[in-house]
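Just so you know, we're using our numbering here: the sequence shown kicks off at 8 and counts up by one. Okay, structure first, notes after.
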Amino acid sequence: MKNISVVVPLYNEEESLPELYAWIKRVMEANHFSYEVIFINDGSTDGSWRVIEELKKNDPECIRAIKFGRNYGKSPALFCGFERAEGEVVITMDADLQDSPDEIPELYRMIKEEDYDLVSGWKKIRHDSKLTKNLPSKLYNATARKITGLKLHDMNCGLKAYKNEVVKSIEVYGEMHRYIPYLAKNAGYTRITEKPVIHQARKYGSSKFGLNRFVNGYLDLLSLWFLSTFGGKPMHFFGLLGSIIFLLGFISVVVVGGMKLYAICSGFRAPLVTDTPYFYLSLTAMILGTQLFLTGFLGELISRNSVERNNYKISKEI
Ligand code: UDP
Ligand code: MG
Numbered sequence: 008m009k010n011i012s013v014v015v016p017l018y019n020e021e022e023s024l025p026e027l028y029a030w031i032k033r034v035m036e037a038n039h040f041s042y043e044v045i046f047i048n049d050g051s052t053d054g055s056w057r058v059i060e061e062l063k064k065n066d067p068e069c070i071r072a073i074k075f076g077r078n079y080g081k082s083p084a085l086f087c088g089f090e091r092a093e094g095e096v097v098i099t100m101d102a103d104l105q106d107s108p109d110e111i112p113e114l115y116r117m118i119k120e121e122d123y124d125l126v127s128g129w130k131k132i133r134h135d136s137k138l139t140k141n142l143p144s145k146l147y148n149a150t151a152r153k154i155t156g157l158k159l160h161d162m163n164c165g166l167k168a169y170k171n172e173v174v175k176s177i178e179v180y181g182e183m184h185r186y187i188p189y190l191a192k193n194a195g196y197t198r199i200t201e202k203p204v205i206h207q208a209r210k211y212g213s214s215k216f217g218l219n220r221f222v223n224g225y226l227d228l229l230s231l232w233f234l235s236t237f238g239g240k241p242m243h244f245f246g247l248l249g250s251i252i253f254l255l256g257f258i259s260v261v262v263v264g265g266m267k268l269y270a271i272c273s274g275f276r277a278p279l280v281t282d283t284p285y286f287y288l289s290l291t292a293m294i295l296g297t298q299l300f301l302t303g304f305l306g307e308l309i310s311r312n313s314v315e316r317n318n319y320k321i322s323k324e325i
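See below:
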């Protein structure tokens with residue numbers, strides 16, 4: 008088994024690749040690590056694949072590469088890299104030279120000696136444009152810390168190190184690469200920490216993610232939180248909320264009806280029930296409550312049929 012697998016997702020990064028690989032190799036050799044670098048060419052339209060083939064020709068032992076038929080995104084690229092990684096420690100790194108391979112030995116040491124499951128990089132001093140990245144990123148990380156309960160300053164840092172078993176136990180999909188530490192935590196790996204890492208300005212090419220990362224990132228965070236909290240028991244959320252709302256509606260319709268009956272029985276001029284707004288409010292509440300309840304029930308039926316319903320992570324059995 009090799010010491011380290013470096014997983015590098017890339018999309019149109021032809022200029023950086025030779026420099027990046029030479030640097031990784033230098034660090035690995037200086038520290039006597041056995042290693043493999045897995046490049047995942049995520050549907051690049053430039054000459055990235057040609058560059059990778061060239062690199063592989065010179066160093067067939069240490070380089071593995073896959074080429075996607077089209078651009079699927081960073082998460083699918085990481086997923087396929089994780090599937091293939093054979094090193095004891097798996098390190099992910101962006102291909103644009105913004106992450107420094109000089110961090111590898113310390114990350115490796117933290118996983119092996121300090122027994123962490125996951126060490127996430129923290130770009131303490133960022134070299135991205137202030138307005139579009141730094142400020143939104145601070146807000147976003149603060150929200151992520153609250154929701155995930157993980158005290159990380161930079162959840163989405165591309166430079167991270169994992170124990171091999173961690174990457175085999177998580178399924179990164181869609182754009183969930185932003186929340187890998189949370190996925191790991193939900194899979195039961197709780198020894199998670201961060202390490203301040205050097206961050207450099209992009210030397211070649213341009214960023215592949217725009218400002219919409221924050222909107223999409225926020226929605227993904229909500230889905231993950233929801234999935235991990237109520238995913239296995241949808242009725243506990245929808246059923247409870249639906250019942251409460253229905254009950255409120257029901258009580259108020261009883262009150263409205265009761266008042267009408269009382270007026271009729273006492274010989275007063277009884278107003279129409281539709282004269283009061285409470286009638287409409289209770290009607291809406293009862294319909295909404297029923298719908299929420301049914302949503303919960305449908306959720307339960309779906310999760311009963313889910314292939315993952317009895318998929319437990321058993322770490323030991325004797
Ligand atoms: N990337 C990828 N597929 C994509 C978009 C990006 O594999 O669809 C790679 C990209 O080549 C880089 C890493 O993901 O290696 C991070 O992307 P980028 O540097 O553009 O992100 P930023 O540094 O702006 O957060
Ligand atoms: Mg970058």
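We treat Cβ as the ideally placed atom computed from N, Cα and C, and that holds for glycine.
With DSSP as the reference, label residue 48 as helix, strand or coil.
Strand.
Could you give the first and the last residue of the continuous beta strand (DSSP E) run that contains residue 127?
Residues 125-129.
Reducing DSSP to helix, strand and coil, say where residue 314 ends up.
Three-state DSSP puts residue 314 in coil, outside helix and strand.
If contacts are defined as beta-carbon pairs under 8 Å, then residue 174 and residue 97 qualify, I think. What distance do you get, rounded to the angstrom?
Rounded, the Cβ-Cβ distance is 5 Å, consistent with contact.
Could you check if residue 3 is buried or exposed, using at least 16 other CB atoms within 10 Å of its CB as the buried criterion?
Since the displayed the chain opens at 8 and closes at 325, residue 3 lies outside it and no answer follows.
Is it buried or exposed for residue 179, if we count other Cβ within 10 angstroms and need 16 for buried?
Residue 179 comes out buried.
Excluding the 5 residues flanking residue 204 on each side, which residues of the same chain have their C-beta closer than 8 Å to its C-beta?
Within the same chain, residue 204 has close Cβ partners 106, 107, 110, 128, 129, 130, 131, 164 and 166.
Can you look up residue 83 in the DSSP assignment and give me helix, strand or coil?
Of the three classes helix, strand and coil, the one that applies to residue 83 here is helix, per DSSP.
Looking at the ligand UDP, does it come within less than 8 Å of residue 20, judged from the CB to the closest heavy atom?
Answer for residue 20: yes, Cβ within range of the ligand UDP.
Taking the straight line between their C-alpha atoms, what separation do you get for residue 152 and residue 123?
Rounded to whole angstroms, residue 152 to residue 123 spans 19 Å at the Cα level.
Please look up how many angstroms separate the CB atoms of residue 241 and residue 310, rounded, as I've assumed it's under 8 Å.
About 7 Å separates the two Cβ atoms, so the contact holds.
From residue 238 to residue 307, what does the alpha carbon distance come to, in whole angstroms?
Spanning the two alpha carbons is a distance of roughly 9 Å.
If we count Cβ pairs, one from each stretch, closer than 8 Å, do we get three or more for the stretch 256-274 versus the stretch 285-292?
The stretch 256-274 is in contact with the stretch 285-292.
Across which residues does DSSP place residue 200 in a beta bridge pair?
DSSP lists 126 as partners of residue 200.
In terms of alpha-carbon separation, which member of 33, 48, 49 and 50 lies closest to residue 42?
Of the candidates 33, 48, 49 and 50, the one whose C-alpha sits nearest the C-alpha of residue 42 is 33.
Select from 246, 171 and 279 the residue whose C-alpha is nearest the C-alpha of residue 8.
Nearest option by C-alpha distance: 171.
Which residues have their C-beta within less than 7 Å of a heavy atom of the ligand MG, listed in chain order?
Going along the chain, the residues that qualify are 101, 103, 105, 165, 209 and 214.
Of the choices 82, 215 and 293, whose alpha-carbon is the least far from that of residue 252?
Checking every option, the nearest Cα to that of residue 252 belongs to 293.
Can residue 131 be considered in contact with the ligand UDP, in the sense that its beta carbon sits closer than 8 Å to one or more heavy atoms?
No, Cβ of residue 131 sits at least 8 Å from all heavy atoms of the ligand UDP.
Helix, strand or coil for residue 58? Go by DSSP, reduced to three states.
In the structure shown, residue 58 sits in a helix (DSSP, three-state: H, G or I).
Whose C-beta lies closer than 7 Å to the C-beta of residue 158 among residues of the same chain, with five residues either side of it excluded?
Once the five neighbours on either side are set aside, the close Cβ partners of residue 158 are 152.
I want to know whether the stretch 9-29 touches the stretch 86-104 - three or more CB-CB distances under 8 Å.
Segments in contact, yes.
Pick out whichever of 87, 134 and 255 has its Cα sitting closest to the Cα of residue 297.
Cα-wise, what sits closest to residue 297 is 255.
Between the alpha carbons of residue 228 and residue 273, how many angstroms are there, rounded?
Their backbone Cα atoms lie some 58 Å apart in a straight line.
If we call anything under 9 Å between Cβ atoms a contact, is residue 125 one with residue 188?
In this structure, residue 188 lies closer than 9 Å to residue 125 by Cβ.
Given that a residue counts as buried once 16 or more other Cβ atoms are within 10 Å of its Cβ, and exposed if not, what is residue 65?
The residue in question, residue 65, is exposed, as its Cβ has fewer than 16 Cβ neighbours within 10 Å.
Just to confirm before moving on: does the CB-CB distance between residue 214 and residue 135 stay below 9 Å?
Yes, Cβ-Cβ distance for residue 214 and residue 135 is below 9 Å.
Beta-carbon separation of residue 87 and residue 47 under 9 Å?
It is a contact, given that the beta carbons lie within the stated cut-off.
Pick helix, strand or coil for residue 17, following the three-state DSSP scheme.
Three-state result, residue 17: strand.
In the DSSP output, which residue or residues are listed as bridge partners for residue 170?
Per DSSP, 96.
Can you say whether residue 19 is buried or exposed, counting buried as having 16 or more other CB atoms within 10 angstroms of its CB?
With 16 or more other Cβ atoms within 10 Å, it is buried.
Roughly how many whole angstroms lie between the Cα atoms of residue 216 and residue 75?
One C-alpha to the other measures close to 19 Å.
Is residue 73 near the ligand UDP - that is, is its Cβ less than 8 Å away from at least one heavy atom of it?
No.
If we ignore side chains and look at the alpha-carbon of each, how far apart do residue 211 and residue 198 end up?
Straight-line Cα distance between these residues: approximately 35 Å.
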